[in-house]
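With full-length UniProt numbering as the guide, the letters of the sequence shown map in order to residues 1 to 120.
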Amino acid sequence: MASNASCIFCKIIKGEIPSLKLIESKYCYSFLDIQPTADYHCLVIPKHHGAKLHNIPDEYLADILPMVKKLTHVFKLDENNTPEGDGYNVLQNNGRIAHQEVDHVHFHLIPKKDSESGLG
Ligand code: 5GP
Ligand code: ZN
């Protein structure tokens, strides 16, 4: 797996920078975002350095969404399973023009609560 010595997310994978780790697999690593936009805002990253999605080998990408799905269970994000129930966003930015700040592919999992929408 490719690693970049100056990349903060590669350092997090190696434990050189601390993180609030959630789930780890052979291909991916997940942790809490340091500047969350909602409670339990998570990041899921491949254990292969690459700036954009197309730089990441398929075997790493294939493990990303199953890990996102596991995290929705950890945080019971689909507990209500109704159109009005709690939900979440999955976001993945590529390039500065698309608001990417860290040049190691990452998927955001951002819980959305009814209480934030005025519905609940
Ligand atoms: P982007 O805008 O690149 O899609 O999002 C990068 C995300 O990484 C941001 O939400 C930011 O808060 C998060 N982030 C940046 N540096 C760190 C760090 O050192 N630790 C953690 N846990 N998150 C980070
Ligand atoms: Zn990296």
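From the three backbone atoms N, C-alpha and C, an ideal C-beta is built for every residue, glycine too.
Sequence-distant Cβ neighbours of isoleucine 8 in its own chain, meaning closer than 7 Å and more than five residues away, are Ile17, Val102. Valine 44 and alanine 5 have their alpha carbons spaced roughly 19 Å apart. Cβ-Cβ distances below 8 Å link leucine 22 to Ser30, Phe31, Leu32, Cys42, Leu71, Val74 in the same chain, with the five nearest sequence neighbours on each side left out; the list follows chain order. The three-state reading of DSSP puts lysine 21 in strand, counting E and B together. Ligand 2 approaches cysteine 10 closely enough that one of its heavy atoms is under 7 Å from the residue's Cβ. A straight-line Cα-Cα distance of about 21 Å links alanine 98 and proline 111. Rounded to whole angstroms, the gap between the alpha carbons of lysine 14 and glutamine 35 is 21 Å.
Cysteine 10 has its alpha-carbon roughly 15 Å from the corresponding atom of asparagine 55. The shortest CA-to-CA distance from methionine 67 to any of Ile12, Ser3, Phe107, Ser19 is the one to Phe107.
Pairing valine 90 with leucine 61 gives a Cβ-Cβ distance that is not under 8 Å. By DSSP's assignment, tyrosine 29 forms a beta bridge with Glu24, Ile45. By alpha-carbon distance to aspartate 86, the top candidate from Lys113, Gln100, Arg96, Ile64 is Lys113.
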